[in-house]
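Residue numbers (the numbering used here): 205 to 592.
Backbone N, C-alpha and C define an ideal beta-carbon position, used for all residues, glycine too.
Bear in mind the structure is a predicted one, so any value in this text is a computation, not a measurement.
Working notes for the structure below.
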Amino acid sequence: MRDFLSPAARGLKPSGIRKYFDLVSTMPDAVSLGVGEPDFVTPWEIRSAGMLSIRRGETQYTSNRGLLELRKLLSRYLFERFSADYPPDRILVTVGASEGIDLALRAVCGPGDEVLVPDPAYVSYAPIVSLCGGKAVPVACRAEEGFILTPEAVEAAVTARAKCLIVPYPNNPTGAVMTRHQLEALVPVVEKHDLLVISDEIYGELTYGEKHVSIASIADMVPRCVLLGGFSKAFAMTGWRVGFAAAPPAIDEAMLKIHQYTILCAPRTSQHAAAAALALGFDDGFAAIEKMRAEYDGRRRYLLDVFRRLGLPCFEPRGAFYAFPSVKETGLTGEEFAERLLMEEHVAVVPGSAFGDSGAWHVRCSYATSLDRLREAALRMERFLKRL
Numbered sequence: 205m206r207d208f209l210s211p212a213a214r215g216l217k218p219s220g221i222r223k224y225f226d227l228v229s230t231m232p233d234a235v236s237l238g239v240g241e242p243d244f245v246t247p248w249e250i251r252s253a254g255m256l257s258i259r260r261g262e263t264q265y266t267s268n269r270g271l272l273e274l275r276k277l278l279s280r281y282l283f284e285r286f287s288a289d290y291p292p293d294r295i296l297v298t299v300g301a302s303e304g305i306d307l308a309l310r311a312v313c314g315p316g317d318e319v320l321v322p323d324p325a326y327v328s329y330a331p332i333v334s335l336c337g338g339k340a341v342p343v344a345c346r347a348e349e350g351f352i353l354t355p356e357a358v359e360a361a362v363t364a365r366a367k368c369l370i371v372p373y374p375n376n377p378t379g380a381v382m383t384r385h386q387l388e389a390l391v392p393v394v395e396k397h398d399l400l401v402i403s404d405e406i407y408g409e410l411t412y413g414e415k416h417v418s419i420a421s422i423a424d425m426v427p428r429c430v431l432l433g434g435f436s437k438a439f440a441m442t443g444w445r446v447g448f449a450a451a452p453p454a455i456d457e458a459m460l461k462i463h464q465y466t467i468l469c470a471p472r473t474s475q476h477a478a479a480a481a482l483a484l485g486f487d488d489g490f491a492a493i494e495k496m497r498a499e500y501d502g503r504r505r506y507l508l509d510v511f512r513r514l515g516l517p518c519f520e521p522r523g524a525f526y527a528f529p530s531v532k533e534t535g536l537t538g539e540e541f542a543e544r545l546l547m548e549e550h551v552a553v554v555p556g557s558a559f560g561d562s563g564a565w566h567v568r569c570s571y572a573t574s575l576d577r578l579r580e581a582a583l584r585m586e587r588f589l590k591r592l
């Protein structure tokens, strides 16, 4: 029998994260700092709205673009929270922000096109670019510069084939954020090389200190910006699988067509729940987000203190819920450190190399877990380091 796999599928590497999750599932006493998922339950009012829609018998498809009620709320949300101006008819409800990433790249990336991807960054960007026949070009982001995209680094990576720049801040895995001044410094490079920006803002509500700034709020950027977001992280709705994309007209229409043929629409129940989340937030000042953010901030500060005490240099994360300590002083690469820590102490972290070559001497630790679990992980990590 012949080999039926396409070259793109055959060349696709497995996720550098999944194997650690699989191993953790075999260890009943494991403490996982690997999962990028809130440990909070979706607030009751949101769950109730989803269940009520089912009781009303609302189990049909929605329009491809999504419920108009939700899109109107999203338009208001983006404008009031992030000063990003997108009308409801230019917002597409997606199956999580993950589908939005896939749609945006498939809409604009073709064979030979280059997409500039921060290194380190979320694991999905480069593989999707490859599936489109394009080439992901890493843009080195260094700890001493706050893991941000600098104009100089982008300029050094850009070529005549470059078409898109992915701007994923607050950042997974580093926790880095970009200020308005830093984002504005990118604009001349973007305009000079006529690049499209794909701005992944899934962690936009989770910053500690300065409020998140959307690059779509900067003058003249809306026509060349695809803004992606979702409800998974800030609203503790990972399993509901609902996100959104807002894009310039031609790109929006292309994304909608791909969405029509591949997904049709996001789940109706999830859309009703998402609409309730926004309506509730407008009524109470997004109190649920504020409560979760305060809890994450306490965990963030605790974990930073742990790394400093253990002698692991760690850039201070200002957003999301990850820390990205360097393990270079142990003499182990991030992958060696993660594997040994898991096998010897049953603590799961993710090697930084899963997010790009710049992460080779780092590990990613999620603090989206309780302080008690973080304390237990710290005790085990200290034992492990003493043996080293």
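Rounded Cβ spacing between residue i and residue j (contact assumed at less than 8 Å)
i, j, result
"R503", "L400", "Contact flag wrong, Cβ pair sits at about 36 Å."
"E348", "V381", "Between V381 and E348 the Cβ distance is about 16 Å, and since that is not below 8 Å, they are no contact."
"V343", "V321", "7 Å"
"A420", "A288", "4 Å"
"G556", "R568", "6 Å"
"V358", "V327", "Between V327 and V358 the Cβ distance is about 21 Å, and since that is not below 8 Å, they are no contact."
"R384", "V341", "Contact flag wrong, Cβ pair sits at about 26 Å."
"G337", "P355", "So it is not a contact: roughly 28 Å between Cβ atoms."
"A438", "I493", "5 Å"
"G523", "G379", "6 Å"
"I422", "E395", "Contact doesn't hold; Cβ gap of about 11 Å is too wide."
"G408", "F286", "6 Å"
Backbone secondary structure at residue i - three-state DSSP
i, result
"V381", "coil"
"P529", "strand"
"L339", "First, the residue type needs correcting, since residue 339 is Lys and not Leu in the sequence shown. Three-state result, K339: strand."
"L460", "helix"
"F448", "strand"
"A470", "coil"
"S219", "coil"
"T230", "coil"
"I419", "helix"
"R544", "helix"
"T411", "strand"
"H397", "coil"
"L271", "coil"
"T534", "helix"
"D424", "coil"
"F211", "Just to set this straight, residue 211 is Pro in the shown sequence, not Phe. Helix at P211."
"V510", "helix"
"I493", "helix"
"T266", "coil"
"L431", "strand"
"P292", "helix"
"A440", "coil"
"V391", "helix"
"I406", "coil"
"R568", "strand"
"G563", "helix"
"A552", "strand"
Nearest residue (CA-CA) to residue i, options the options
i, options, result
"G481", "C469, R505, S436 and L507", "Per the sequence shown, the amino acid found at residue 481 is Ala instead of Gly. Of the listed residues, the one whose Cα sits closest to A481 is S436."
"E586", "L390, S328 and L516", "L516"
"S562", "G489, F490 and P324", "P324"
"S334", "R428, L216, G408 and R294", "L216"
"A491", "I422, L410 and K396", "L410"
"P377", "F351, D398 and V391", "F351"
"F511", "V235, K339, Y465 and E533", "E533"
"P471", "P427, A498, T266 and A330", "T266"
"M231", "V553, P453 and L546", "L546"
"L309", "L431, D488, A582 and G535", "L431"
"S257", "F588, W565, A477 and E549", "A477"
"F283", "Q264, T442, V391 and V426", "V426"
"L575", "L514, R591 and D509", "D509"
"H463", "Y329, A234, E318 and N268", "N268"
"S149", "C518, A582, L589 and K590", "As displayed, the chain neither begins before 205 nor continues past 592, which places residue 149 out of reach and without an answer."
Distance cut-off 7 Å: residue i Cβ against heavy atoms of the ligand SAM
i, result
"V553", "This structure lacks the ligand SAM; in fact it carries no ligand of any kind."
Test: residue i CB closer than 8 Å to a CB of chain C
i, result
"E549", "Although the question refers to chain C, the structure presented lacks it and comprises just one protein chain."
query: With a cut-off of 8 Å, do at least 3 Cβ pairs link the region 523-536 to the region 244-255?
result: no
task: Evaluate contact between the region 400-410 and the region 365-377, counting only Cβ atoms and requiring at least three cross-stretch pairs below 8 Å.
output: yes
Contact between the region 265-285 and the region 476-491 (3+ Cβ pairs under 8 Å): yes
field: the region 299-309 contacting the region 458-469, beta-carbon criterion three pairs below 8 Å
entry: yes
message: Please give the ranges of any alpha helix (DSSP H) in the region 301-382, keeping only runs that are unbroken, at least 4 residues long and fully inside the region.
response: 329-335 and 355-361
task: Count the C-beta pairs between the region 444-454 and the region 420-435 that are closer than 8 Å, then say yes if the count reaches three, no if not.
output: yes
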